[in-house]
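Quick note: the sequence shown uses this note's numbering, first residue 46, plus one each step. Down below is the structure, laid out as structure tokens.
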Amino acid sequence: MAAWGERLAGVRGVLLDISGVLYDGGEGGGAPIVGSVEALARLKRSQLKVRFCTNESQKSRGDLVGMLRRLGFDISEGEVTAPAPATCLILKERGLRPHLLIHDGVRSEFDQIDTSNPNCVVIADAGEGFSYQNMNKAFQVLMELENPVLFSLGKGRYYKETSGLMLDVGPYMKALEYACGIEAEVVGKPSPEFFKSALREMRVEAHQAIMIGDDIVGDISGAQRCGMRALQVRTGKFRPSDEHHPEIKADGYVDNLAEAVDLLLQHADK
């Protein structure tokens with residue numbers, strides 16, 4: 046690999062994943078990853094622009110930010126690009142009425158959305174809500190539509206909590222795709238439009254931005270396909286095999302957010 050100075054030159058904006066980079070979820074809200082609170086504070090004191098880009102779909106944006114602030118992070122709701130608010134905009138623009146297969150924690154995001162006589166399905170990380178009954182109801186709604194539309198808030202395979210790895214929305218999305226013979230519209234990483242909306246909010250061009258995440262597909266590949274650089278942290282859902290992925294190679298691998306911030310403050314925006 047090229048030297049860090051070359052890999053990070055010209056970076057003006059930093060997109061941060063949340064789960065697995067800032068903290069690991071779990072009982073009582075989870076726990077910050079060692080050094081991440083201080084690392085974020087240092088990053089925000091720098092000249093670099095910072096925005097958070099998450100696929101979190103078990104909590105509303107407000108609840109997520111409140112939890113992170115209680116853990117000690119300097120973060121505001123307006124700094125977070127999340128899939129539920131983005132999905133609501135799409136539903137309104139297209140006049141769609143969703144059947145919701147989502148976690149109760151994120152339901153408030155859809156309070157202003159008409160869910161009567163549904164003509165699409167929205168699936169998110171529903172956790173314990175992924176029962177046979179609930180999956181089958183979503184399947185039935187889609188099969189009754191002449192032009193079935195399925196939105197998925199992200200398509201991650203799994204994520205990490207303090208108790209271990211947890212299934213994410215992706216496997217359930219794939220089950221509905223297979224059963225209905227359709228392809229879901231993904232709102233969230235690795236969707237290019239989702240990354241582009243975060244870049245617009247941050248007011249930087251893709252070549253001036255870097256993504257820091259723990260997901261080799263959602264974070265790293267997704268960002269690189271948009272023209273961004275991407276660093277993978279060895280925290281969260283990171284697996285050693287990620288560094289030998291046959292198709293995806295991060296622009297750098299770091300032990301944690303603290304190491305990433307050290308490197309960025311030393312080499313970026315030069």
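Yeah, the Cβ is synthetic: ideal placement off N, Cα and C, and Gly gets one too.
Cβ-based neighbour list, residue i, same chain, cut-off 8 Å, excluding 5 preceding and 5 following
i      : result
Ser242 : Thr126 and Ala131
Thr160 : Arg142, Pro143, His144 and Leu145
Burial state of residue i, where buried means 16 or more other Cβ atoms lie within 10 Å
i      : result
Glu101 : buried
Asn301 : buried
Arg245 : exposed
Ser81  : buried
Cys148 : Position check: residue 148 holds His in this sequence, whereas Cys was assumed. Answer is buried; the Cβ neighbour count reaches 16.
Gly140 : exposed
Ala295 : buried
Tyr177 : exposed
Gly209 : exposed
Leu134 : exposed
Lys234 : buried
Gly70  : buried
Thr99  : buried
Counterpart residues of residue i in DSSP-defined beta bridges
i      : result
Ile227 : None, per the DSSP bridge assignment.
Glu304 : None; Glu304 has no bridge partner.
Pro77  : Tyr68
Lys205 : Leu210
Leu53  : DSSP, once it has assigned bridges, lists no residue as partnering Leu53.
Val299 : Val278
Gly58  : Lys94 and Ala254
Neighbourhood of residue i by C-beta, 6 Å cutoff - its chain only, sequence neighbours within 5 removed
i      : result
Leu88  : Val95 and Val306
Val166 : His144, Ala183, Val186, Leu187 and Leu195
Ala303 : Gly80 and Ala84
Ala171 : Leu146, Ile147 and His148
Contacting residues, own chain, Cβ-Cβ under 7 Å from residue i (five flanking each side not counted)
i      : result
Ser91  : Leu310
Val249 : Arg57, Gly58 and Lys94
Gly272 : Ala251 and His252
Pro193 : Leu187, Cys225 and Ile227
beta-carbon residue i near the ligand GDP non-hydrogen atom, thresh 7 Å
i      : result
Glu191 : Judged by which ligands are present, the structure shown has none, so any question about the ligand GDP falls away.
So within the segment 137 to 168, which uninterrupted beta strand (DSSP E) runs reach at least 3 residues, ignoring any that extend past its ends?
Whole beta strand (DSSP E) segments, 3+ residues: 143 to 146 and 165 to 168.
If we count Cβ pairs, one from each stretch, closer than 8 Å, do we get three or more for the segment 144 to 156 versus the segment 97 to 105?
With a cut-off of 8 Å, the segment 97 to 105 and the segment 144 to 156 count as touching, because enough Cβ pairs lie within range.
To test your reading of the DSSP string, which unbroken alpha helix (DSSP H) runs of 4 or more residues are found completely within the segment 87 to 141?
Correct list: 106 to 115 and 128 to 139.
Counting pairs of beta carbons, one from the segment 236 to 255 and one from the segment 201 to 219, are three or more of them closer than 8 Å?
The answer is no - the segment 201 to 219 does not touch the segment 236 to 255, with fewer than three Cβ pairs under 8 Å.
Below 8 Å, can you find three or more Cβ-Cβ pairs linking the segment 108 to 117 to the segment 218 to 236?
Contact between the segment 108 to 117 and the segment 218 to 236 is absent, because fewer than three Cβ pairs lie under 8 Å.
Are the segment 197 to 209 and the segment 258 to 276 touching, with three or more C-beta to C-beta distances below 8 Å?
A contact exists between the segment 197 to 209 and the segment 258 to 276.
3 or more residues per run - each beta strand (DSSP E) lying fully within the segment 222 to 282
Scanning the segment 222 to 282 for uninterrupted beta strand (DSSP E) segments of 3 residues or longer gives 230 to 232, 254 to 258 and 274 to 278, listed from N- to C-terminal end.
As an exercise, report each continuous beta strand (DSSP E) stretch of at least 3 residues that is fully enclosed by the segment 171 to 198, in chain order.
Entirely contained in the segment 171 to 198, the beta strand (DSSP E) runs reaching 3 residues are, in chain order, 195 to 198.
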